[in-house]
Amino acid sequence: MAAEDVKKSTFKLHVGIDFGTDGSGLAYALPNGDVYIHNKWKSKKYGAITKPKTQILLNEEGSCVAFGIDAGEVYAQLDSETQKKWLLFERFKMALYENLEPSKSPQQKKDNNDEEDQKKSSIDKP
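Under my numbering, think of the first position of the sequence shown as 83, with each following residue one higher.
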């Protein structure tokens, strides 16, 4: 990257997130071209982890209590009443792809239903 390109750059930071089914990763780049790969995640129990589990633990207010392998560990230590109130999300990435259809407005849904009704009525006629 040429020095004049760095000076003209308007971005503050580029961030790349590897949001994986089992593990997650993070990298970022600065305007001067320096790239940093965050490959040491701190875990309370296991020390530095290369790629943390894609897990998140939320308390009953919806605040993040723990992320990664610590989320599962903290959840396992909770009493059963607290477990019922808190939410542990793990291996949820593929569930984000259940609805591949783009959202439709109520009018688009109505128009689509009208078209389906017309097709059905024309098929029913002799």
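Virtual Cβ for every residue (Gly too), placed ideally from N, Cα, C.
Owing to the predicted nature of the structure, the values given are computational and were not obtained by experimental measurement.
DSSP-derived helix/strand/coil call for P134:
Along the sequence shown, read from residue 1 onward, the residue named residue 134 stands at position 52. The answer is coil: DSSP assigns P134 none of H, G, I, E or B.
Whole angstroms is fine: what's the gap from A158's alpha carbon to A177's?
Residue mapping note: residue 158 aligns to position 76 of the sequence shown, counting from 1. Residue mapping note: residue 177 aligns to position 95 of the sequence shown, counting from 1. The straight-line gap from Cα to Cα measures roughly 23 Å.
The beta strand (DSSP E) with A158 in it runs from where to where?
Position 76 of the sequence shown holds residue 158. Element bounds for A158: not the beta strand (DSSP E) but the alpha helix (DSSP H), 151-159.
Would A227 pass as a contact of L139 if the rule is Cβ separation under 8 Å?
Because the chain is modelled from 83 through 208, residue 227 falls outside the range shown and cannot be assessed.
For G98 and E163, the rounded distance between their alpha carbons
Numbered from 1 along the sequence shown, position 81 holds the residue referred to as residue 163. Numbered from 1 along the sequence shown, position 16 holds the residue referred to as residue 98. Spanning the two alpha carbons is a distance of roughly 38 Å.
Would S106 be called buried (16 or more neighbouring beta carbons within 10 Å of its own) or exposed?
On the sequence shown, position 24 is the one that residue 106 refers to. Buried is the call here.
For E163, three-class secondary structure by DSSP:
Taking the sequence shown and counting its residues from 1, the one referred to as residue 163 is at position 81. Helix.
Taking W123 as the reference, give the member of K175, R173, A148, L112 with the closest Cα.
If you number the sequence shown from 1, residue 123 lands on position 41. The candidate whose alpha carbon is nearest that of W123 is A148.
Please state whether DSSP places K175 in a helix, a strand or coil.
Translated into positions along the sequence shown, residue 175 becomes position 93. K175: helix per DSSP, three-state reduction.
Quick test of your reading: K127 and E172, contact by CB under 8 Å. State the CB separation rounded to the nearest angstrom.
Here residue 127 corresponds to residue number 45 of the sequence shown, with the count starting at 1. Here residue 172 corresponds to residue number 90 of the sequence shown, with the count starting at 1. About 16 Å separates the two Cβ atoms, so there is no contact after all.
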